[in-house]
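Chains as they are written, first to last, in the numbering used here: chain A, 1 to 191; chain B, 192 to 380. For every residue, glycine included, the Cβ atom is placed at its ideal position computed from N, Cα and C. Predicted model, so just to flag it, every value in this text is computed and none were measured. Here is the structure we will look at, set down as structure tokens.
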Amino acid sequence: MNQLILAVLIGGSFGFILHKVGATNPTKIIGFLRLTDLHLAKVILFAIGFSSLLLFILMYFNVIPTSHISVKSSYMGVIVGGAIFGIGFGLGGYCPGTTLAALGAGRKDSIFMILGGLIGAWVYVMAYGWLTETMPWLYDAIAGGKVSLAQTGNESYPALINEISGLLVAGVIALLFMGGATILPNKLRKI
Amino acid sequence: MNKSWGWLKSGIILGMSFLIAVALVKPIGVSTQYVIADCYIFCQLKPELAQVDTSPDGKTSYSSSNAYLDKSNGKYVKSSLNLANYGFVFVLSMFAGGFLASKLGGPKVDKEESWVPYVWQENIGSSGMKRMIGAFVSGFFILFGARLAGGCTSGHMMSGMMQTSLSGYLFAAGVFVIAVPLAIIIFKR
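Next up, the structure:
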């Protein structure tokens with residue numbers, strides 16, 4: 001029960017925030033991808049760096065249990081799937097999550113994005129067995145699979161950089177993200 | 192009209208939402224829930240897709256005739272049979288969050304673009320039918336790709352790179368290598 005209250009509070013806040021930062025607006029997403037309006041690029045870069053820095057600091061001081069993290073597997077399908085995702089992203093200007101908040105905010109074309117998404121996900125579910133047999137290379141692990149760059153302290157997820165403390169590695173990456181967000185201009189291309 | 196937050200405020204608050212989620216429960220992810228919704232719908236039509244067995248010692252186990260749904264001891268089947276679970280309630284709550292944000296200070300979505308976003312109107316036209324087809328096709332590619340990749344913008348890109356997961360950087364590279372040139376080609380204005 002407690003979990004469901006958290007789901008409502010965190011999910012509700014997430015939808016609220018996605019709308020307030022402009023991520024529910026396809027015009028802002030397409031502007032980001034066309035490099036003519038980098039507002040969302042700056043937001044996302046800063047958000048990743050900022051949350052990462054705090055996460056590794058709080059894990060270092062045992063405030064956040066390392067058992068809460070979940071590092072996803074790396075395999076060829078992550079890159080290929082990302083590219084297929086990119087086709088839809090560049091065409092429609094929505095993500096699986098932003099389209100939900102966008103519908104709540106009154107963007108009715110989201111209904112069709114969500115329907116297309118339900119069908120696309122189901123076609124993948126149906127094709128999965130065939131894909132694993134005909135294109136097994138898609139599922140070949142990269143660099144060991146569930147790996148992170150920085151040591152997280154969770155033994156399920158080996159780190160690629162072990163000579164330096166995880167906090168330092170993650171901290172440097174986080175500062176690069178936040179610095180990048182700060183120096184990135186508002187646009188790289190005109191019109 | 193523009194009641195959106197500036198980039199720094201946006202970045203801090205968006206980052207905090209990902210941090211709070213992992214601190215209290217687990218990293219944010221969305222695209223899995225499309226499979227849960229699908230299984231809820233389609234598994235009713237084909238019951239062999241969602242099998243529930245109770246062993247003599249009272250333990251319930253879930254399985255499926257489909258190789259994907261059968262993964263991880265049928266966790267997708269289990270969630271779809273019990274939609275009142277964290278992940279599904281989370282995504283349903285996102286609708287309400289978007290609704291509240293548009294009502295509480297905005298930005299409101301203009302009536303003129305409630306079906307066809309301005310960027311689409313300027314480049315492709317104001318035909319609602321074209322946008323519906325475009326949004327549907329876009330959704331198809333997005334979720335097919337996200338399921339092949341094992342996550343989407345929130346799970347791979349945001350939560351993933353927050354944890355310095357290699358998969359997060361690989362996913363982001365795959366997405367932007369295609370999405371940036373494609374958006375530049377399709378949308379000239």
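(message) Which residues in chain A have a C-beta closer than 9 Å to the C-beta of N257(B)? List them in chain order.
(response) Here residue 257(B) is taken as the residue at index 66 of the second sequence, counted from 1. In chain order: V125, M126, Y128 and G129.
(request) Please list the partners that V8(A) has in chain B, where partner means a Cβ-to-Cβ separation under 9 Å. (result) In the first sequence, the residue the question calls residue 8(A) occupies position 8. The answer, in chain order, is V280, F281, L283, S284 and A287.
(request) Output the residue ranges of the beta strand (DSSP E) runs that lie fully inside the stretch 30–73 of chain A and measure 3 residues or longer, sorted by chain position. (result) none
(request) With a 10 Å radius around its C-beta and 16 neighbouring C-beta atoms as the bar for buried, classify L236(B) as buried or exposed. (result) Position 45 of the second sequence, counted from the first residue, corresponds to residue 236(B). L236(B) comes out exposed.
(request) Within its chain, find whatever has a CB closer than 7 Å to the CB of F61(A); leave out the 5 residues flanking it on each side and keep chain order. (result) Residue 61(A) sits at position 61 when you count from the first residue of the first sequence. Once the five neighbours on either side are set aside, F61(A) has no close Cβ partner at all.
(request) Note down, in chain order, every chain B residue with its Cβ under 8 Å from the Cβ of K72(A). (result) Sequence index remark: in the first sequence, residue 72(A) carries index 72 (1-based). Going along chain B in sequence order, the residues near K72(A) (Cβ under 8 Å) are G341, G342, G346, H347, G351, S356, S358 and G359.
(request) Output the distance between the C-alpha atoms of S74(A) and S358(B), rounded to the nearest integer angstrom. (result) The residue given as residue 74(A) occupies position 74 in the first sequence. The residue given as residue 358(B) occupies position 167 in the second sequence. Going by the C-alpha atoms only, they are around 5 Å apart.
(request) For A258(B), name the three-state secondary structure that DSSP assigns. (result) Taking the first residue of the second sequence as position 1, residue 258(B) is located at position 67. Residue state, collapsed to three classes: coil.
(request) Under 8 Å Cβ to Cβ from N314(B), same chain only, skipping five residues before and after it: list those, please. (result) Mapped onto the second sequence, residue 314(B) falls at position 123. Cβ within range, chain order: I377, F378, K379 and R380.
(message) Spatial neighbours of M273(A) within its chain, please: C-beta separation below 8 Å, excluding the five flanking residues on both sides.
(response) The structure shown does not extend to residue 273(A), since chain A spans only 1 to 191, so no value can be given for it.
(message) I believe A326(B) touches M113(A) by the beta-carbon criterion, under 8 Å. Please report the beta-carbon distance rounded to the nearest angstrom.
(response) In the second sequence, the residue the question calls residue 326(B) occupies position 135. In the first sequence, the residue the question calls residue 113(A) occupies position 113. Yes, A326(B) and M113(A) are in contact; Cβ-Cβ is about 4 Å, under 8 Å.
(request) Could you please give the first and the last residue of the uninterrupted beta strand (DSSP E) stretch that includes Q242(B)? (result) In the second sequence, residue 242(B) corresponds to position 51, counting from 1. Element bounds for Q242(B): Q242 to T245.
(request) With 8 Å as the C-beta to C-beta threshold (strictly closer), list the residues of the stretch 36–49 of chain A near chain B in chain order. (result) H39, K42, V43, I44, L45, F46, A47, I48 and G49
(request) For L175(A), count neighbouring Cβ atoms within 10 angstroms of its own Cβ and tell me buried if that reaches 16, exposed if not. (result) Along the first sequence, read from residue 1 onward, the residue named residue 175(A) stands at position 175. The residue is exposed, with fewer than 16 neighbouring Cβ atoms inside 10 Å.
(message) So V307(B) and R322(B) are supposed to be a Cβ contact under 8 Å. How far apart are they, rounded?
(response) Looking up residue 307(B) in the second sequence gives position 116. Looking up residue 322(B) in the second sequence gives position 131. The pair is a contact, with the Cβ atoms about 4 Å apart (cut-off 8 Å).
(request) Have a look at A363(B) and L4(A) and give me their C-alpha separation to the nearest angstrom. (result) As a working mapping, residue 363(B) is identified with position 172 in the second sequence. As a working mapping, residue 4(A) is identified with position 4 in the first sequence. When rounded, the distance between both Cα atoms is 30 Å.
(message) Does the CB of M192(B) have a neighbour CB from chain A at under 9 Å?
(response) Position 1 of the second sequence, counting from 1, holds the residue named residue 192(B). Any answer about M192(B) is weak, because its pLDDT of 41 lies below 50 and its placement is not dependable; what the coordinates show is given next. No, because no Cβ of chain A sits closer than 9 Å to the Cβ of M192(B).
(request) Starting from A181(A), follow the alpha helix (DSSP H) in both directions and report where the run begins and ends. (result) Counted from its first residue, the first sequence places residue 181(A) at position 181. Its alpha helix (DSSP H) spans residues G166 to I183.
(message) Please give me, in chain order, every unbroken run of the alpha helix (DSSP H) with length at least 4 that falls completely inside the stretch 265–324 of chain B.
(response) 277–294 and 309–314
(message) What would DSSP say about S345(B), mapped onto helix, strand or coil?
(response) For the purposes of this step, residue 345(B) is identified with residue 154 of the second sequence, where counting begins at 1. In the structure shown, S345(B) sits in a helix (DSSP, three-state: H, G or I).
(request) Please compile the residues from chain A whose C-beta is within a distance smaller than 9 Å of the C-beta of V243(B). (result) Your numbering for residue 243(B) matches position 52 in the second sequence. Those do not exist, as V243(B) stays about 18 Å from chain A at its closest Cβ, beyond 9 Å.
(request) Return the bridge partner residues of A102(A) from the DSSP annotation. (result) Position 102 of the first sequence, counted from the start, is the residue given in the question as residue 102(A). DSSP, once it has assigned bridges, lists no residue as partnering A102(A).
(message) Tell me the DSSP secondary structure of A23(A) in three-state form.
(response) Within the first sequence, residue 23(A) is the residue found at index 23, counting from 1. Of the three classes helix, strand and coil, the one that applies to A23(A) here is coil, per DSSP.
(message) Let me make sure I understand the geometry here. Which of K72(A), G144(A) and T152(A) has the alpha-carbon closest to that of M59(A)?
(response) In the first sequence, residue 59(A) corresponds to position 59, counting from 1. Selected option, being the one with the closest Cα: T152(A).
(message) Tell me the residue span of the alpha helix (DSSP H) that contains P372(B).
(response) Working through the second sequence from its first residue, we reach residue 372(B) at position 181. Per DSSP, P372(B) belongs to the alpha helix (DSSP H) from L357 to I377.
(request) Can you tell me the Cβ-Cβ gap for M285(B) and A101(A), rounded? I've got them flagged as a contact below 8 Å. (result) As a first step, residue 285(B) must be located in the second sequence, where it is residue number 94. As a first step, residue 101(A) must be located in the first sequence, where it is residue number 101. Yes, they are in contact, since the Cβ atoms of M285(B) and A101(A) sit about 5 Å apart, within 8 Å.
(message) Against Y60(A), what residues of chain B qualify as contacts under a CB-to-CB distance less than 7 Å, listed in chain order?
(response) Counting from one through the first sequence, the residue named residue 60(A) turns up at place 60. Under the 7 Å cutoff, chain B gives no residues; its nearest Cβ is about 14 Å from Y60(A).
(request) Check whether the Cβ atoms of G206(B) and F85(A) lie closer than 9 Å to each other. (result) To locate residue 206(B), count along the second sequence from 1; it is residue 15. To locate residue 85(A), count along the first sequence from 1; it is residue 85. The answer is no: Cβ separation not under 9 Å.
(message) With a threshold of 9 Å between beta carbons, is G179(A) in contact with chain B?
(response) Within the first sequence, residue 179(A) is the residue found at index 179, counting from 1. Not an interface residue.
(request) Within the same chain, show all residues whose beta-carbon is closer than 6 Å to that of S293(B), passing over the 5 residues directly before and after it, in chain order. (result) One-based indexing of the second sequence puts residue 293(B) at position 102. Taken in chain order, the residues that qualify are K299.
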